Each structure stands twice: as C-alpha cells, then as structure tokens.
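Read through the structure below, which is laid out as structure tokens, and then see the notes.
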Amino acid sequence: MISNYPSSSLIYQGLTVINFLNDVYYVEIRLSQRLTGQFPRFVLLLSKLIPSFPMSSDARFFARGKVQELRNELQMEKKEKNLNKKRTVLKKIVANMTMSNDMSPLFPEIIQCMALPDLGIKKMCFLYLTNYARLKPDIAMKALPILLRDFDDINPLIRALALRTASYMNVPDVIRSLFDPVSDLMGDPDPYVRKTAAMSVAKMHHYDPQGVVNKGLVNGLKDLLGDANSTVVANALASLMDILSRTEGMKLNLDYTISTKLVSALNECSEWNQTYILEALMHFTPKNSRDAETLAERIAPRLQHANSGVVLTCTKVIIALTNYISNEKEVTLLFKKLIPPLVTLLARPPEVQFVALRNAHLILLKRPDVWRNDIQLFFCKYNDPIYVKLAKLEIIVRLANRDNISQVLNELKEYATEVDVDFVRKAVRSIGRLAVKIETAARDCISVLLELVSTKVSYVVQEATVVIRDIFRKYPNQYESIIATLCENLDSLDEPEAKAAMIWVIGQYADRIENSDLLLDDFLFSFKEETIEVQLALLTATVKLFIQRPTKGQDLVPKVLKWATEESDNPDLRDRGYMYWRLLSMDTGAAKQIVMSEKPQITLERDEMDEETLEKMCLQIGCLGSVYHKLPEQFIRNGKSRTLPDSPALVRHGRSGLALSVNTLSVQEPSKYVCVPLRDGEADGNSMAPSPSPGGYTGCDPSAL
Numbered sequence: 001m002i003s004n005y006p007s008s009s010l011i012y013q014g015l016t017v018i019n020f021l022n023d024v025y026y027v028e029i030r031l032s033q034r035l036t037g038q039f040p041r042f043v044l045l046l047s048k049l050i051p052s053f054p055m056s057s058d059a060r061f062f063a064r065g066k067v068q069e070l071r072n073e074l075q076m077e078k079k080e081k082n083l084n085k086k087r088t089v090l091k092k093i094v095a096n097m098t099m100s101n102d103m104s105p106l107f108p109e110i111i112q113c114m115a116l117p118d119l120g121i122k123k124m125c126f127l128y129l130t131n132y133a134r135l136k137p138d139i140a141m142k143a144l145p146i147l148l149r150d151f152d153d154i155n156p157l158i159r160a161l162a163l164r165t166a167s168y169m170n171v172p173d174v175i176r177s178l179f180d181p182v183s184d185l186m187g188d189p190d191p192y193v194r195k196t197a198a199m200s201v202a203k204m205h206h207y208d209p210q211g212v213v214n215k216g217l218v219n220g221l222k223d224l225l226g227d228a229n230s231t232v233v234a235n236a237l238a239s240l241m242d243i244l245s246r247t248e249g250m251k252l253n254l255d256y257t258i259s260t261k262l263v264s265a266l267n268e269c270s271e272w273n274q275t276y277i278l279e280a281l282m283h284f285t286p287k288n289s290r291d292a293e294t295l296a297e298r299i300a301p302r303l304q305h306a307n308s309g310v311v312l313t314c315t316k317v318i319i320a321l322t323n324y325i326s327n328e329k330e331v332t333l334l335f336k337k338l339i340p341p342l343v344t345l346l347a348r349p350p351e352v353q354f355v356a357l358r359n360a361h362l363i364l365l366k367r368p369d370v371w372r373n374d375i376q377l378f379f380c381k382y383n384d385p386i387y388v389k390l391a392k393l394e395i396i397v398r399l400a401n402r403d404n405i406s407q408v409l410n411e412l413k414e415y416a417t418e419v420d421v422d423f424v425r426k427a428v429r430s431i432g433r434l435a436v437k438i439e440t441a442a443r444d445c446i447s448v449l450l451e452l453v454s455t456k457v458s459y460v461v462q463e464a465t466v467v468i469r470d471i472f473r474k475y476p477n478q479y480e481s482i483i484a485t486l487c488e489n490l491d492s493l494d495e496p497e498a499k500a501a502m503i504w505v506i507g508q509y510a511d512r513i514e515n516s517d518l519l520l521d522d523f524l525f526s527f528k529e530e531t532i533e534v535q536l537a538l539l540t541a542t543v544k545l546f547i548q549r550p551t552k553g554q555d556l557v558p559k560v561l562k563w564a565t566e567e568s569d570n571p572d573l574r575d576r577g578y579m580y581w582r583l584l585s586m587d588t589g590a591a592k593q594i595v596m597s598e599k600p601q602i603t604l605e606r607d608e609m610d611e612e613t614l615e616k617m618c619l620q621i622g623c624l625g626s627v628y629h630k631l632p633e634q635f636i637r638n639g640k641s642r643t644l645p646d647s648p649a650l651v652r653h654g655r656s657g658l659a660l661s662v663n664t665l666s667v668q669e670p671s672k673y674v675c676v677p678l679r680d681g682e683a684d685g686n687s688m689a690p691s692p693s694p695g696g697y698t699g700c701d702p703s704a705l
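What follows is the structure, given as structure tokens:
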C-alpha cells in the first residue's frame, strides 16, 4: 500500500541530515543525491507529522545561496579568530550542496578552511571535498598535503576522518599517494583509526587493484585479523571479503584456530560486525567432523540474536557445517535448533517474514522432517500481505501429508472464500496440487473442489476446472462422475486457461460425454477470436472426438482443419492442423494410436530442486538468491555460486570439491604456517609449508596475486 507519508527509513535519513555535525558525515553524501531540493519541505512535513519532532535551527541554512556571496562571507571571516561564523558559512555551503546547488567554485576557499584546527569545520570541508573531488581533480590535489598532515594529527578522530576522506576521492594521484600512509595507519595505536584504515583498503582496491596488491595492503588486512579489537577484526574481514569477491583466482581459507578466535570475538561486536564475522566463517573448511561440530555449537547462540541478518547468516553457516558432520543425530539436532529462530522471525514485520519464509522453504527442501509437526506455524493470518500468504501456501503444500491433510484442506477451503482474488486462485490451485501429491487424499480434495464450484464464483470455478484437468491426468479413468458438474458451469469460463482445460476434458472423454459434439461446437463458434492456447486445444479435442465418435465428429473436423491450415497466421496452429489432416487421411488407426495414446502421469517433481542446486542454494541463505530461489549467476552479471570445498570430513565422499586456486589467501595460526605461492609450472598441491620462523605470518606474496 502506498502511503501519503514518508517511510520510517526516510525520516531517519532526514534526521541524519539535520544533525549532520553529530553523525557520520559520509551518510550525508548519499543523502545529498536523494533529497536534492526537497529537503526544506521535507523538514517542514516532519514537523507537522510528528509533534515532538525537533525542528533544528540548522534548517534555516537550507535556502538557496549565491556562490559569490558565500565566497565573500568566507573571505570576511579570515581575520576573525572566532570560528563560529565560519562554521555558519560552511553550514550554508553544505546545505546548498545537499540541495544539488553547484558549490564547486568555492573549492579554493574550502581548501584553506581545511587547515583550521577544528573538528566540526574539518567535517564539513571533508564532506565538500569528497563530493566535488571527481569534478575538479586538479584542484582536489591541492588538498592532499593537508590530508597527509592530518594523518599525523594527535586527535585519532581527525586521523580517521582524513583517511576516510582521502580514500573516497576518486583521483588516481591521491589513491597512489595513500599506499604508504594507509600501511602505517593499519598499525595505529587507536582501534578506530585501524578500523578506518582497513575499510580504506577495500575502497582503494576498487580504484587501483594492482597497486593495493603490490604494496602488500592485502597482507596487512590479513594481519589485522589477529587484532585485539573485535571491531577492527570485523572490518578487516569485511574489507578482505570485498576484495576477494572482485578478484579472480583469489580465495580465503580460514583454519580452525583463526576461526575459533573469530567466534570468540562475536560477543564484543555490533550486529553488523557479527554478520561480517559469520560471513567470513563460510570460508572455513573443517578437516574433521569434530571441528565442524564444535564450531557449529559455538555459533549457535547467535541464532537468538535480535537482528534478522545475524540470525540468517548464522543459519547459513550452521547448514554449511552440517555437510562436514558425520553424526546424523548431531545434524538433526542442529537443524532443530534452526526452527525457533525462524519462527521468531515470523512475528516480525511482513518484509522480514517473507525473507524468513523463503529461507525456511529451502531448509524444508533439504530436511523435510524438521518441520513435520509445525505446519500450523505457516497458516495464514487475515492481515498478512499477499506475498506473505503466497509464500506460506507453498510451504503448506510442501508439508501436507496423510496425517494432516484434513486440517490442511479445511484451512485451504477457508482461504478460497476470502476477498483477495489472487490468493483465492492460489488456494484453489493448491488443493489440486495436494490431490496430485497425495493419492489417498485425492477424493477428499475433489469433494472440496466441487464444494467450491457450487459457489458459482467465476474465478473459483475457473481455477477448479484447471486443477481438475490435472487430477484427470494424474488419475486417468477415475472420478469421471464430476464431469457433469463441470459441464454445468461452462458459462462461467471466460479465461483462456480455464477454457483450454475444459476443452481438454471434453475431448479426452468424448466417448463418455453424451453431447460432447454440441459442447465443442459451442466453443468452435468463437474459434477465430480465441487465443492460440484455446485454438490448439479445440483442434486437438475435435480430432479426439472424431477418432472416438466418427459420426459425431465428421462434420466438425473438416471445418476446424480448414480454419487451422488456411485461415490462421499462427505457424504452430497451421503445422498441427496439417499434421492431423495428413494423419487422418492416411491411417485412422495410427492416428488413434498416436492421439489417444496413454499420457505420462503428472507429478510435482517440477517443483523440486536437484541435489546440486539445492546444496548451492542453502549456501545462499540470507542473500538475495535465497529470496528468488535462484543462483546468483542466474540474475547477477558475473555472479558466482558458492560450493562446498572438498575435505576429508565432507559427508558425501567422492564428490569433487572446488579446486583450490594457485592464488589462495590462507590464514593459519601465525606461529606455524606461512602462505607459499606456487611457481609457474609447479603442480597444484598443498601450498602450505611449515614456517621455520616463529614470527608473524606474511600471507601470499603480493606479486603472485
């Protein structure tokens, strides 16, 4: 539903801009591109919508200003020792920049202000610099000496702020000049600066990948994984994984020691940092079942986290680890632990519910027994959005069995009487799917369908007709007694799919329907105006009528064949018409054997995923692919699916794992291993060699990456 009021996320963005001096200033860069000139009106609207909304005094700065006037104000304040007036002018400039007014001519004056020893002024100047550096790279280079000087400032906030600003400037000379300072700042005594340096490496890699690798900054990130501060570790992991995702032939391998250290840091991390660490654990390959069990048990408490991202990422890691656990009881126990957190997510807002349902569906495909007794959890509520209801319907059909079919049918019958047409159609179609899925419940399903047909609601009758056609195909020569009921509702059919389904029934059972020729003749009255789907169904049904009851169909067949071959522009219809014509004219017996041959029974196997695809999909839980139920390469350009790397502990032995690349970034306990790159022509074997030195680990040789 489209609201007349801004969403909560937009309100949050507005608050961020109003208090831009008290928040992380890079959020404002994105907001300046979204809010443009609407900000003053947006602030006014917030004050009207929310009585308690703090109408900041900064809102008065959001008025269009002239560049020359602002320049004069900045120059007038040069002699002033009080910096308050200069802050006021800079606020006006930032406000105009937020409203997409071009403030780039003020670049020289802003660079002069950058040298002032005031954090608030530096924030606004750095924000300006980040926004306009790409437009005027030559002038932006003049700010580089000030930024480099700020790297040595006594205030860690200024050091981090300067580094963050410089790494955002898409100017090649600036990026190249940052290699050595960033390397030094990764060893800064303040953890906030180290965290900022770690994130800067990923941004620099985006602009100059080869330079970052050659300068050893990737190895510097690997060293930060052993940092004592959990926030630094999490940001180093996030930066490292971002680089790996954009670098061909480079992978991350975590050994058990490093992985356990990462798990120990989870309790000290924010929710986003926990997500980074859990995502990094996907790069841990257990060497034995015990390691996998231990790690899964240690991260299991994260399933109780309030953040849905943490819960889903933890779920994904546990499912991946179960592939390396040989004890089936332990695997079942771990999967049962996944149920309560997902159930909790079903009480969240609808958007979170939908994501949880789509991921629960994947878990259900992998372990159907886990949800066996929990079908009631997925029954629809009256106020659920349509997308949540449809996701629940899929799971209900999947969980239905002989024991709970009565309960499920009663629930679906209730759904079929609701006011939402799309939901009613899906509910009726689900009843038909259950009849195909559970043979012993087919008669009960048909009884419910006939009950719904008796309501005479057009769209219900049409959906019921379509699913009854499928039931006839699944159980041929059974339940023909309901054909009479369908024929009584022919006037309700106006959709192509429903018409084609009814025509198929008439043609297939033409020898058992007394007036089948008259029924087909009624449909043929509008043959030329029908869709191609209905025309093809009419052509085949008429031929079936002629084969089963020649005297009744001899007048209809020539007429239909002539229409199909001479008066139709559709090549499919013409080709089928010619095929039937020649077949009937040559050998009627052969025509009967072909047209009336026994059809293969339909199943629900088309809804199943093959084992390999399902395995890859379970490694996408919490990602967009788990919502689409598609692998990344199917909807993302250059997207790649995760696969389970081979290991002695892999449960399905004999499956070839992902071959390790020559350039594999391995992280082991520092005192035991170093990463040794292979030389050209060397066999791809075990690239890890014992280190004779007790010193720190060095990672891969940058020249080999």
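Start counting the sequence shown at 1; every next residue gets the next number (full-length UniProt numbering).
Using N, Cα and C, we set each Cβ at its ideal position, and we do this for glycine too.
Since we're looking at a predicted model, the values are computed, not measured.
In the displayed model, N235 falls within a helix according to three-state DSSP.
N96: member of the alpha helix (DSSP H) spanning 84-98, first to last residue.
Checking the DSSP bridge columns, you'll see F284 partnered with L254. Residue state for S626 is assigned as helix, using DSSP reduced to three classes. Annotated as proximal: L148 and P181, with beta-carbon spacing under 8 Å. In this structure, V428 places its C-beta atom within 8 Å of the C-beta atom of V467.
Counting C-beta pairs with one atom in each stretch, the segment 500-514 and the segment 544-564 have three or more that are closer than 8 Å, which means they touch. Taking C-beta atoms as the reference points, Y382 and V421 fail to come closer than 8 Å. In the pairwise beta carbon analysis, the segment 320-329 is classified as touching the segment 276-294: at least three pairs are separated by under 8 Å. With contacts defined as CB atoms closer than 8 Å, Y479 and I446 qualify as a contacting pair. Distances from the alpha-carbon of G432 to those of V419, L449, F423 put L449 closest.
The segment 595-604 and the segment 333-345 do not touch, with fewer than three beta-carbon pairs separated by less than 8 Å.
The Cβ atoms of L303 and Y276 do not sit closer than 8 Å to each other. As the crow flies, the alpha-carbon of F126 is around 18 Å from that of R71. Buried is the label assigned to G622, since at least 16 other Cβ atoms lie within 10 Å of its Cβ. In this chain, the alpha helix (DSSP H) harbouring Q210 covers 209-214. With respect to D444, L409 sits close: the two C-beta atoms are nearer than 8 Å. The residue among A265, P350, G553 with its C-alpha nearest the C-alpha of N235 is A265. Two segments are said to touch when three or more pairs of C-beta atoms, one from each, lie closer than 8 Å; by this definition the segment 133-148 touches the segment 164-180.
E293: member of the alpha helix (DSSP H) spanning 289-299, first to last residue. Apart from the 5 residues on each side of it in sequence, T285 sits with its Cβ closer than 6 Å to the Cβ of P645, S647 in its chain, given in chain order. Straight-line measurement puts the Cα of R576 at about 14 Å from the Cα of P558.
In the same chain as E69, and ignoring 5 residues on each side of it, no C-beta atom comes closer than 8 Å to its own. Assignment of K599 by DSSP, reduced to helix, strand and coil, places it in the coil class.
For H361, the enclosing alpha helix (DSSP H) starts and ends at 350-366. The C-beta of D150 has 16 or more other C-beta atoms within 10 Å across all chains shown, which makes the residue buried. Spanning the alpha carbons of A198 and S239 requires a straight line of approximately 6 Å.
For L281 and S230, the gap between their C-alpha atoms comes out near 15 Å.
Annotation for K316: the continuous alpha helix (DSSP H) segment containing it runs 308-322. Measuring C-alpha to C-alpha distances from L614 to each of P600, L624, K630 identifies K630 as the nearest.
Here C445 carries a helix assignment [DSSP, helix/strand/coil]. One Cα belongs to K592, the other to L539, and the distance between them is close to 15 Å. Going by beta carbons, L90 and M141 fall outside the 8 Å limit.
In this structure L221 touches V201 by the C-beta definition: roughly 6 Å separates them, less than 8 Å. Taking C-beta atoms as the reference points, A484 and A537 fail to come closer than 8 Å. Counting the other Cβ atoms within 10 Å of the Cβ of S626 gives 16 or more, which makes it buried.
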